[in-house]
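Yeah, the first sequence ends on 472 if you go by the working numbering, and it's all consecutive. For glycine and all other residues, C-beta sits at the position ideal for the given N, C-alpha and C.
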Amino acid sequence: MQLHLYNTATRNKDAFESLTPGLVKVYCCGPTVYHFAHIGNLRTYVFEDLLRRTLEALGYNVNHVVNITDVGHLTSDADTGEDKMEKGARREGKSAWDIAEYYTQAFQKDWKALRLLEPTAWPRATAHIAEQIALIQELEKKDYTYTVPNDGIYFDTAKFPRYPDFAKLDIEGLQAGARVAVTEGKRNPTDFALWKFSPSDAQRQMEWDSPWGRGFPGWHVECSAMAMKLLGETLDIHCGGADHIRVHHTNEIAQSECATGKPFARFWLHGGWLLEAPDGDGKGGKMSKSAGEFVTLDVLVKQGYSPMDYRYFCLTAHYRNYLNFSHAGLDSARDSLRNLRKRTDPLIGKATPIRSDRGLEWRTKFLESVCDDLNFPQALGILNLALKDPDVLEGEKAGLIVEWDRLLGLGLTEAETSEAVELPDDLKSLLTERAEARKNKDWKRSDAIRDQFRDRGFVLKDNPDGSVSVN
RNA sequence: GGCGACAUACCCAAGUGGUAAGGGAGAGCUCUGCAAAAGCUUCAUUCAGCGGUUCGAAUCCGCUUGUCGCCUCCA
């Protein structure tokens, strides 16, 4: 089936074909590990995982690279301000290297919890300084760079006439609206640093020798250098959050294409933002790490949600649209998933080949939705209808779920590991007492005991077979 | 100030020219000592408002209103 993906470069849903038959090279912009990833960040990785799974379902091998940015991002685009890594280090009284390691592990823990497929490679910026230097030297050789004394090596965006095209930038409007102090010596407002000199009056924790002196790489060059090293000069797909379009990806394209003379990526996919819904006293708006307050996956887990609840929540909205995060919304997702599992759990292990016309029809419909720019919300609707369809045999339903869960990644084919509820001794004896009361049809006593359980946070359910479940 | 995106039921949300998917919540019924669970049924003549194009519009165009984003960093 033909996959169509919305390509930011063309602003159109384009038919996807890989450059090399059977192999797709995907580069996804990863986290800057100076703090925890929030659930808005995570939404983008969920979308990228859906892309990966879709490509694999279509028979492609996917070479999937996700970088770890462990150096180099300053706090503003004006090439000024404090390095985020060093700031994080100071905040926590650790070294910048420790900070990077700590948050990388935290990030990868979230990654696994969300059932995101392991990428082919997790390159770290600090492990690819030589490649970055080489790329800058190539640009220097081709005369795209210039030096700003006591500052760094800059890319001259005026020498790349297509610079504004990708993000449809209005350069003049940019200039007019500029509220940011312009770096002294920059030729154009859009020029960006490729290499930053270490400050002469302060010792940086992360710095390297280079042909231009001691310093550290700019924060766009790492992606180009690592992507090209690991995947070649032209990628099939480059992904990231929508906030990368304007600056980061625009700059990646400029420096990569000027260095190689080839298109850097054929498809650019961008995930929409998670917004904080204005429920309660929340003000609403984009969730942002630098704004301070943010919700992490761990926070949700502490609130009683499972990572799969959040994954399902992401699945309910199209990846390119805004998604409003609210607890009401997450509750709804959690309940939906719970209800879904009630229907799919009894199907585990019962899959049979799908042969009936009806079964094949559902299979096709689901795949069509997914192939239409990853329309998972629609696919979920189809899944619900298929499960309810009385004309599809149980074994085929089970087979469809096995197949579809490889795309959804919700773990529907694995039994949930629910921990056995440990009952306090006094409640255990009450349970015995209630069984006795029920046998004697003492409903008043029986219900009173059930209420007692409820007050202690346990829900008693009398099953049709006479047994009692405690939750 | 400039630029842009979005607006679908109580909530979330798909649908982008052919007559409103799906989920959650709610309601009713069946079942049950009662609950719970499960099953069945039900839930937008209508897509922010107003005009226009069209045989036909939630879908295209214009205006208005509202929300959000970008023009610092950000997934």
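Reference residue i, options the options, closest by Cα
i, options, result
"Arg205", "Leu195, Phe108 and Pro218", "Pro218"
"Trp123", "Trp112, Arg116, Gln133 and Ala131", "Trp112"
"Phe198", "Leu298, Pro378, Pro150 and Leu394", "Pro150"
"Thr1", "Arg44, Ile154 and Lys366", "Since the first and last residues shown for the chain are 2 and 472, residue 1 lies out of range."
"Asp336", "Tyr323, Thr353, Ser357 and Tyr313", "Tyr313"
"Asp392", "Ser370, Glu362 and Gln379", "Glu362"
"Tyr7", "Gln379, Cys372 and Thr433", "Cys372"
"Arg267", "Ala168, Phe17 and Leu4", "Phe17"
"Val34", "Thr70, Ser307 and Phe193", "Thr70"
"Thr11", "Ile246, Gly410 and Val296", "Ile246"
"Glu417", "Leu386, Ser470 and Leu338", "Leu338"
"Tyr323", "Arg364, Lys366, Glu277 and Leu331", "Glu277"
"Leu270", "Pro120, His319 and Thr121", "His319"
"Asp192", "Glu253, Arg215, Cys29 and Glu234", "Glu253"
"Gly233", "Ala243, Ser257, Gly216 and Gly242", "Ser257"
"Leu470", "Arg356, Lys143 and Ala436", "Checking the sequence shown, residue 470 turns out to be Ser, not Leu. When only C-alpha atoms are compared, the closest one is Ala436."
"Val66", "Leu170, Asn42 and Ser225", "Ser225"
"Leu331", "Val300, Leu375, Ile355 and Glu369", "Val300"
"Pro32", "Asp15, Met2, Asn68 and Gln133", "Asn68"
Opening and closing residue of the alpha helix (DSSP H) in which residue i lies
i, result
"Pro378", "Phe377 to Lys389"
"Cys259", "Thr251 to Thr261"
"Ile238", "It is not in any alpha helix (DSSP H) - Ile238 instead sits in the beta strand (DSSP E) that spans Leu236 to Gly242."
"Val302", "Leu298 to Lys303"
"Lys88", "Lys85 to Glu93"
"Glu369", "Asp358 to Cys372"
"Leu118", "Neither: Leu118 is in no alpha helix (DSSP H) and is coded neither H nor E."
Residue i versus residue j - alpha carbon distance
i, j, result
"Pro347", "Arg125", "43 Å"
"Cys259", "Thr148", "18 Å"
"Asn441", "Gly467", "14 Å"
"Leu461", "Ser430", "14 Å"
"Arg188", "Asp157", "7 Å"
"Leu298", "Lys351", "33 Å"
"Asp390", "Asp358", "13 Å"
"Lys110", "Val302", "13 Å"
"Asp99", "Trp209", "18 Å"
"His5", "Ile238", "13 Å"
"Arg344", "Pro308", "20 Å"
"Arg446", "Gly305", "32 Å"
"Gly412", "Pro165", "43 Å"
"Ala38", "Asp426", "41 Å"
"Val47", "Gly60", "20 Å"
"Ser77", "Met229", "In this predicted model, Ser77 has a pLDDT of only 45, less than 50, meaning its place in the structure is not dependable enough to derive any value."
"Cys240", "Glu57", "17 Å"
"Glu475", "Leu117", "With the chain running from 2 to 472 in the structure shown, residue 475 is simply not present."
"Thr121", "Arg457", "47 Å"
"Glu141", "Arg91", "34 Å"
Collapsed DSSP secondary structure at residue i in the structure displayed
i, result
"His221", "coil"
"Arg267", "strand"
"His39", "coil"
"Lys343", "helix"
"His129", "helix"
"Cys30", "coil"
"Lys143", "coil"
"Lys462", "strand"
"Glu417", "coil"
"Leu394", "coil"
"Asp71", "coil"
"Trp444", "helix"
"Glu185", "coil"
"Ala226", "helix"
"Leu231", "helix"
"Asp456", "helix"
"Lys351", "coil"
"Leu56", "helix"
"Glu434", "helix"
"Gly23", "coil"
"Gly286", "strand"
Boundaries (first-last residue) of the beta strand (DSSP E) holding residue i
i, result
"Phe326", "Leu324 to Phe326"
"Ser470", "Val469 to Val471"
"Tyr104", "Per DSSP, Tyr104 belongs to no beta strand (DSSP E); it is in the alpha helix (DSSP H), Ala97 to Ala114."
"Gly153", "Gly153 to Phe156"
"Val63", "Asn62 to Val67"
"Tyr7", "His5 to Asn8"
"Phe193", "Phe193 to Phe198"
"Asp15", "Asn13 to Ala16"
"Leu170", "Premise fails: Leu170 is in no beta strand (DSSP E) and is neither H nor E."
Inset, instruction - Would you be able to state if there are at least three C-beta pairs under 8 Å between the stretch 387 to 402 and the stretch 324 to 331? - result: no
Inset, instruction - Would you check if the stretch 249 to 263 and the stretch 52 to 63 touch, i.e. whether three or more CB-CB distances between them fall below 8 Å? - result: no
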